[in-house]
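Have a look at the structure below, then the notes.
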Amino acid sequence: MTREFPDPREIHEELADKAALQIDRLAPVAFDAALDELTRYHRFLLNVNAARDQAGNPFNYAAVPGEAWRAPHNQWIGQYRRLFERAASHIGDDPDFMEKLANVPLRLLPGRDDPQMSDEVLQAIVDLGLIMIHQMEAWVARRTVAEAAPGTAASPRMSLAGSDAKSYANLLLNIVGAWESLLQNAPFIFRWRDERQGSADERWNSLRASWPFLWQHLRNTAYMLAVSVWNEDEAGAAIFRDALIRWPQTLSHHFADQPYFLNRRLLFPDILRVDLATAQERIRPIVPEYMPHPSPDELFNVAMRGAHDDVLLLTGALLLYWSMDQKRVSDVGARTALALLRRELEEDPDGRGRPIQENSFRSLAMEVIRLDIAASYGADLDDLVRNLDNMTERRVVPGRVFTPSTLHDRDGLRAALLAMLLSKVSENEEALVKRVQDLAENESALPNGDRSLRDILHGFDRLLKMLEAPQSIVQRGLHLLKPGADDAAASTWVKSAISSCVHIIEAERTKRLQERPIDNQAISKLRDAAERAMMTPPGGVPFFRGYSMERIHEDGGAEVFTFRLNGLTKAQFVNPPMDTGTVGFAEHYAGLVTRSAGDRAWRLFTRRARQSARIASRIEEQDFWEQVKVFARDVGAEPLLIVSRRAQGRALRTLVRRIGEPKIPIAITRKAGGDVGDFYMATIEGIDVHGADFEPGKAWLFSPYLLRSLQYATIGDDDHILRVNFQPGEDGLTGPLVAEFQQQALWADWTMYEIDCEDPDDPAT
């Protein structure tokens, strides 16, 4: 008889059950032993599954999706949810259980002799804090009451009562302490101290390897604050706000030296994705020429602090937005946002009060600009906003289709950011204009060069439109931040400051655009795309098929045709492009040129002699088709009839809709597929009928194989059939894109008919 042994998941679940039982029994000593056994086994499983990938990076098999597409480690992490839930229910009786569970992430981190953990495993461990905060806030929500003074109605402020408030306040201090201790372990997890003795490259690699862990901890700290605010937990909001503001201080002793950058706001965390040499080269435009390259510690410190500033601003804007949009009863969101904006702490490290760091309008505006030019790092910021606001999603019925009620990206916070700017108006806008002018003049320092300037202009344009059409939600946000503010005066001042910045940027961009030459390579790409489309059948030619496309070197006196596309800007044709409209333009332009070439071929066809014929019937009558069939015998293979799209076409569509009705004995079918062309209407008596902008009562009958060959003569000595030039006007900035080509057609010597018939719209007929 074989004996089935339990798998690791079952053993882990059993150990979690033992710990849960001790919580239910309120047995703290037994719980300590059970929790220690659970976490030691969990760490053992992580160590057993630890490995290295081919590049030498930490890898863990426990993070690979398995049964039901869930990674084993995520299943192990899920067991702690039950423990947090049980411990939260006893916060009022014995908060020690929750306090000890708050240290579970610390217990799971690798020791000095353990193998390094992969980013996926570490991030799952850090996410235990989110499970904990939701259970704590659920407990708070069940026990809060609305404060009310004697003889008054209940106020919006919510609070715990009695011993619950005291137990919770003490627990919060220990919870935040454990959470910050987790962050303080980063130097040990990633062996920062070990790498201090190595080369600068080794030091840099160890620092940047820690960034996913640090970013996860930072965004989770913001999430904890957001959960507290959403649940209107004043105590939780205060202490997690304090933790978020203090976040860099837990690592600051590792980075004593502060580098001097011309503009630290131009350094983003995506610098941590490249090696040290590339990083130092990339930041050269924002470091003074007389300064040496920043050390790995200095570079990492600036990137980390910049990310912290971004998270503070976006978190504050989101919490303010909740109050502006009246998603919560109390104003705790606006008050917390104001405190974040001021970097306001509960108390300073020495307990001597509440330091306030007032940001100027210039500083706040530059932080908003930084959000607009965040480039690839912007995806992380969008994900942060989405994650923080996701808790506000309304309850939905499973299976139904709902439009999400939450924010998708940081652009959704534009109204809140504008309210913040309005609350910071000052008497002097020159400070901001000067900083923006420095940005505009130092294009190479921007993450995406001129594209970054266009992003700034786009962001300013959004703000100006909101100022031109005042919104009540923005005004509400301003008064939440600055009661009694003069809306009109603040709006006028901010509009003036932003308009000045826009003028400075546009003037600098125009100056650069005038100095830059046309990029011949950009023009060549357009020409090549258009040539490929022109030489690919049908090459824009309507109605005809079966003809060849030829490139000839002797023009034989072929006529030169010109196609002009007006209203273009030089910004599209410099390197790098200075116009966002260049995306997909090559394909669009190739289509326009090809259509023009096809139209020219059709015009060559219209010059051919046609034999006149008369049919004294309408297109919907049987006699008309009997006579057309007689003419069709003379035109060649697969005869084709073109009629007026407006007159005969309308009558014909009525006839086609009656397919199957015994009105007149005419054979009507419809061909399927893309070979029939865009103007195809139906096939009647074996003749394909197409519509065109013909005179009513006119029709042409011919074979689609009448065109034998469409030929393009090469222009110049480079074997190209197309010459393309941008011809700027007097301002040197705008003008047409002119394309020239030589085209000729070879036709079969077949008959074609121009038929006069009765106009269906003429009442006399």
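Just so we're aligned, residue 82 is where the sequence shown starts under the working numbering, counting upward by one. Glycine residues also receive a C-beta, built at the ideal position from the N, C-alpha and C atoms.
Annotated three-state conformation of Asp769 is strand, per DSSP. Residues of the same chain with a CB within less than 6 Å of the CB of Ser507, apart from the 5 flanking positions on each side, are Phe442 in chain order. The beta carbon of Leu187 sits closer than 8 Å to those of Ala259, Ser262, Leu263 and Asn266, all from its chain and outside the five residues before and after it, given in chain order. With 16 or more other Cβ atoms inside 10 Å of its own Cβ, Gly816 counts as buried. DSSP places Val805 in the uninterrupted beta strand (DSSP E) bounded by Arg804 to Phe807. Contact annotation: Ala526 and Pro366 have beta-carbon atoms nearer than 7 Å. A contact between stretches requires three or more CB pairs, one per stretch, nearer than 8 Å, and the region 411-423 meets this requirement with the region 301-321. It is roughly 8 Å from the alpha-carbon of Arg151 to the alpha-carbon of Val145. The alpha-carbon separation between Gly797 and Val674 amounts to approximately 19 Å.
Under the three-state reduction of DSSP output, Leu827 falls in the strand class.
Contact annotation: the region 397-413 touches the region 488-500, with at least three C-beta pairs closer than 8 Å. Burial state of Pro785 is buried, judged by a 10 Å Cβ sphere holding 16 or more other Cβ atoms. Here Trp574 is not bridged, per DSSP, to any residue.
Between Leu119 and Ala100, the C-beta gap is smaller than 7 Å, which places the two residues in contact. In this structure, DSSP gives Ala694 an extended state, which the three-state scheme calls strand.
Secondary structure of Leu520 (DSSP, three-state): helix.
About 5 Å separates the beta carbons of Thr795 and His634, which is inside the 8 Å limit, making them a contact pair. In the structure shown, Lys752 adopts coil according to DSSP, grouped into three states.
Taking a C-beta distance under 7 Å as the contact criterion, Gly772 and Phe760 qualify as a contact pair. Exclusion of the five residues before and after Ile723 leaves His771, Ala773 and Trp781 as the residues of its chain whose Cβ lies within less than 6 Å of its Cβ.
Excluding residues up to 5 positions away in sequence, Ile320, Phe321, Asp323 and Ala324 lie with their Cβ nearer than 8 Å to the Cβ of Val257 in the same chain. When rounded, the separation of the alpha-carbon atoms in Ala398 and Met501 is 8 Å. When DSSP states are grouped into helix, strand and coil, Ala718 belongs to the coil group. Around the beta-carbon of Gly459, 16 or more other beta-carbon atoms lie within 10 Å, marking it buried.
Less than 7 Å separates the beta-carbon of His154 from that of Ala205. By alpha-carbon distance to Cys582, the top candidate from Leu561, Glu510, Glu549 and Asn523 is Glu510. Taking the CA atoms as reference points, Arg223 sits about 52 Å from Pro375. Note that the C-beta distance between Leu182 and Ala168 is below 7 Å. Gly317 sits in a helix when the DSSP states are folded into three classes.
With a cutoff of 7 Å on beta-carbon distance, Gln160 and Glu94 are scored as near each other. By the Cβ rule, the region 653-664 counts as touching the region 585-600, because three or more pairs are nearer than 8 Å.
Rounded to whole angstroms, Thr396 and Val466 show a C-alpha spacing of 8 Å. A residue is called buried when at least 16 other Cβ atoms come within 10 angstroms of its Cβ; Val368 meets this threshold and is buried. Apart from the 5 residues on each side of it in sequence, Asn255 sits with its Cβ closer than 6 Å to the Cβ of Glu180 in its chain, given in chain order.
In the structure shown, Glu510 falls within a coil segment according to DSSP collapsed to helix, strand and coil.
Closest option to Leu513, judged by alpha-carbon separation, among Ala143, Asn440 and Val185: Asn440.
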